[in-house]
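Numbering (my numbering), first residue to last: 163 to 515.
Have a look at this one:
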């Protein structure tokens, strides 16, 4: 097997150059696939035995709490070097239920952040869901609802998958809409499964079209594990994402991760392929074309991949250091790297150089 190092392909945070007054506000908006964050209880109504933790016979509770602590460590550090706090808003995928999130936000590293949780049980066959965590001090949700993605197999059987979660709220007084996704997998091959992700993209478009129909300059953030790269048809043909800022009008979506992907950056590795499935995509009104930032706007996009999140030796060197392997719990983190963007707003008295 060829070896490649996703860690060294990671994104180094760019310093924000601001005048000495430093009169600005900045928030981190992130997304993280937590890789099978399941509790230790066998739910007979779900296929939760598909979770690796259910195959562990000894010290299952201890392993669960260590997994929780590992996830909390990562979340607490995303964007910290610029904001000096954990993400204001973070979308989450591959969690079993609300209980695991309640355990997560009560860890020592996150408890003081006073995170709120928005979660719905989805019809996914494995019982995994998406959710949103938000710091109550900065973000106030006013509405939220799940959108069910209905897809069928070639034989006419319903394929149960994750809902798409829409959350609308105020980020320090500014209205934004956030859609958290975990699109259908590539099981059976990319080509065969492609229509399922295209349908997921159509559902995103249906949701965003509804929002734009009420206000064309709405601020919308799409985020998630899309199981597609930024250049795949679901993004380019259906959502019609752009990579050039000047081409991004209010109702068009800008994907900062496409240019990163074309440069060889990724959020996961599989069979010697580099993929960038985890993405944050922003509507045109969040793209500040003149850098005046009178309201919150997109500044930079990154992949969070410090050294400890990558395997350091062996045939998987450079891959994300996942929590579970063939021999059980690895004391790792996730098979995906988190992604995050900075939203920044000007306060009178500063300029961004």
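Note that beta-carbon positions come from the ideal geometry of N, C-alpha and C, so glycine has one too.
TODO: Assign residue 364 to one of three DSSP states: helix, strand, or coil.
DONE: helix
- [ ] Given a cut-off of 9 Å, decide if residue 438 and residue 482 are closer than it, judged by their beta-carbon atoms.
- [x] Pairing residue 482 with residue 438 gives a Cβ-Cβ distance that is not under 9 Å.
Task: Of the residues 419, 290, 401, the one placed nearest residue 198, counting alpha carbons only - done: 290
- [ ] Could you give the DSSP three-state label for residue 397: helix, strand or coil?
- [x] helix
- [ ] Identify which residue in 358, 402, 320, 446 has its Cα closest to the Cα of residue 377.
- [x] 446
TODO: Given a cut-off of 9 Å, decide if residue 251 and residue 190 are closer than it, judged by their beta-carbon atoms.
DONE: yes
Open item on the list: Please state the DSSP three-state secondary structure of residue 412.
Closed with: Assigned with DSSP and collapsed to three states, residue 412 falls in coil, not helix or strand.
Open item on the list: Would the segment 417-424 count as touching the segment 452-469 if we require 3 or more Cβ pairs under 8 Å?
Closed with: Pairwise C-beta distances place the segment 417-424 in contact with the segment 452-469, as three or more of them are shorter than 8 Å.
Open item on the list: Need the endpoints of the alpha helix (DSSP H) that residue 262 sits in, please.
Closed with: That run of the alpha helix (DSSP H) goes 260-267.
Open item on the list: Do residue 422 and residue 499 count as a contact pair if the criterion is CB distance below 9 Å?
Closed with: Not in contact: residue 499 and residue 422 (Cβ atoms no closer than 9 Å).
Open item on the list: Between the alpha carbons of residue 334 and residue 506, how many angstroms are there, rounded?
Closed with: 12 Å
Open item on the list: As a quick exercise: from 247, 311, 260, pick the residue whose alpha carbon is nearest that of residue 271.
Closed with: 247
TODO: Have a look at the DSSP bridge pairing and note the partners of residue 187.
DONE: 507
- [ ] Identify which residue in 480, 387, 471 has its Cα closest to the Cα of residue 494.
- [x] 471
Open item on the list: Suppose contacts are defined by Cβ-Cβ distances below 9 Å. Is residue 281 in contact with residue 317 by that definition?
Closed with: no
Open item on the list: Can you tell me whether residue 425 is buried or exposed? The criterion is at least 16 other CB atoms within 10 Å of its CB, across all chains shown.
Closed with: exposed
Task: Anticipated Cβ contact below 8 Å, residue 229 with residue 485, distance rounded - done: 6 Å
Task: When 370, 397, 380, 298 are compared against residue 356, the one with the closest alpha-carbon - done: The closest CA to that of residue 356, considering only 370, 397, 380, 298, is found on 397.
TODO: Select from 478, 381, 467 the residue whose C-alpha is nearest the C-alpha of residue 443.
DONE: Of the candidates 478, 381, 467, the one whose C-alpha sits nearest the C-alpha of residue 443 is 381.
Open item on the list: Taking a contact to mean a Cβ-Cβ separation below 9 Å, would you say residue 364 touches residue 400 in this structure?
Closed with: Taking 9 Å as the Cβ cut-off, residue 364 and residue 400 qualify as a contacting pair.
TODO: Check each candidate in 284, 286, 268, 287 and name the one with the smallest Cα separation from residue 278.
DONE: 268
Open item on the list: For residue 233 and residue 303, what's the separation of their Cα atoms in angstroms?
Closed with: 24 Å
Task: Pair within 9 Å by beta-carbon distance, residue 466 and residue 241 - done: yes
- [ ] Could you tell me how far apart the beta carbons of residue 388 and residue 326 are, in whole angstroms, since I believe they sit closer than 8 Å?
- [x] That belief does not hold up - the Cβ atoms of residue 388 and residue 326 are roughly 11 Å apart, past 8 Å.
- [ ] Grab the span of the beta strand (DSSP E) containing residue 440 for me, first residue to last.
- [x] 440-445
Task: Close-in-space but distant-in-sequence residues of the same chain around residue 187 (CB under 6 Å, 5 per side omitted) - done: 507
Open item on the list: Taking 6 Å as the limit between beta carbons, can you name the residues of its chain near residue 450, skipping five residues before and five after?
Closed with: 459
- [ ] Mind checking which residues open and close the beta strand (DSSP E) that includes residue 462?
- [x] 459-465
Task: Extent of the continuous alpha helix (DSSP H) to which residue 435 belongs - done: Note, residue 435: premise wrong, no alpha helix (DSSP H); beta strand (DSSP E) at 435-437.
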